[in-house]
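All remarks here apply to the structure that follows.
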Amino acid sequence: VDEILQTALSKVKEDLAHHVTRSEQIKRQLEDQLMAEEVAREDAQDKFVEEKKRNKQMQRDMEAAQREAAVYQDQFNELLLKRDVELSANQAAFDAQFSSTAELNAKLTMQVEILGMWENEWLSQLRSRVCDDSDDDGDDSDVDQHDWSDNEDNGVQNDFASPAPDHRSIEFKSSLVISPTRLASKLNVPEQPVVTKVSLVEDVIVPIEDDVAKKRKDAKRGTVVRRSQTSSETISMLKDIEDAKERNKTQKHRIHDLEKILASSKIQIAELSMSNQVLQSSLQDITLKANEANQSESQTTASLRDARDQVEVLTKNLQRMERKVEALEGFILQLGSELYYLAEDPTLLTPVAVSLVLDVPEDKAGATLKYE
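Structure (structure tokens):
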């Protein structure tokens, strides 16, 4: 019986040593796999942290760009208000100046018409005097004098009967309508939930470490097992080995779950990269809108300068017209005074005797009359 027990015990010891070595190999493989998975998980975690930091930086840049866009919008609104105020002030000043110029022009036209009426009366008086003085002269001289006075009268009337220049109303239309492209409102990019799998990985690793510790204890216990142990202890050790195998299977399943978790974390990292790309595109849109705001601001300033130049040109034209009207008024007054002196001085109105001279050509083909 002792020999049988010894042989059975030796076989059990050999099987136990084989299972222990096998379990140690499996344990090393599992430890290597766990280390590799831990390294991969740490790399993924580092990448995730970097992407998160980059995302935060992009969010800060986006908020700064939104603040700048709000500042540009406020400046643009202030510029529009200033533009409207300046345009209204320029329009009011132009309307007032134009109304005053129109009134002055109307007064000058009335004065010109009155002067024309006076000139017509003076010419009629002059004609009557010339006709009375020329009644005693011959028919030829009377006819010549009458024709001369009629021609002179017609010339003067033609000079002064010309219609006054018609000043049309000038309308200043400011077509400075700029459709400001409004900047986009705050971009609310939905934040994707960041699923951290640290707790789950710890839940998986802790029992694995416990199992490893138990295996070590079992190995130590197996090394210190003495020959005096009973068959019940060997049976319990076999049960422990089977439990270790089952635990190894469960650990493999958990490692597979960890791989799935890592794959999902990679997918989340890809989604975060896509969200970062969206944020970059939104920042580019904001910069484009800011550039458009700057361009519209430059266009409004240029339009205001053009309006100011137009107002200056109109004021210069009005001043030129005023000078022309003043010169015309002075000319008419001078001409009226000279005509008045001419009408009052009878010595200047003397009859002119024109002698007929027969102009005979050399070939004597015909004869014409000449006046000397």
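Going by the UniProt record's numbering, the residue at position 6 of the sequence shown is 6; the numbering climbs one at a time, nothing skipped. Glycine included, C-beta positions come from ideal geometry on N, C-alpha and C. Note that the coordinates shown come from a computational prediction; the quantities given were computed from them, not determined experimentally.
Take L108, set aside five residues on each side of it, and the residues of its chain with a beta-carbon closer than 7 Å to its own are V325, E329, in chain order. One alpha carbon belongs to A44, the other to N55, and they sit about 16 Å apart. Secondary structure remark: continuous alpha helix (DSSP H) runs of at least 4 residues inside the segment 22-76: none found. Taking all protein chains shown into account, M58 has 16 or more neighbouring C-beta atoms within 10 Å of its C-beta and is therefore buried.
Between N90 and V313, the C-beta spacing is not below 8 Å. Closest in alpha carbon position to I114, among Q6, T21, E78, I332, is I332. Straight across, the Cα-Cα distance linking V39 with D46 is about 10 Å. Measuring C-alpha to C-alpha distances from K239 to each of L16, K52, T21, Q6 identifies L16 as the nearest. Judged by beta-carbon spacing, M35 lies beyond the 8 Å limit of L279, meaning their Cβ atoms are not closer than that value. Within the same chain, no residue comes within 6 Å of L80 by CB-CB distance, once the 5 residues on both sides are set aside. L318 sits away from Q111, with the two beta carbons spaced by 8 Å or more. Counting C-beta atoms within 10 angstroms of its own C-beta, Y72 has 16 or more neighbours from the protein chains shown and is therefore classed as buried.
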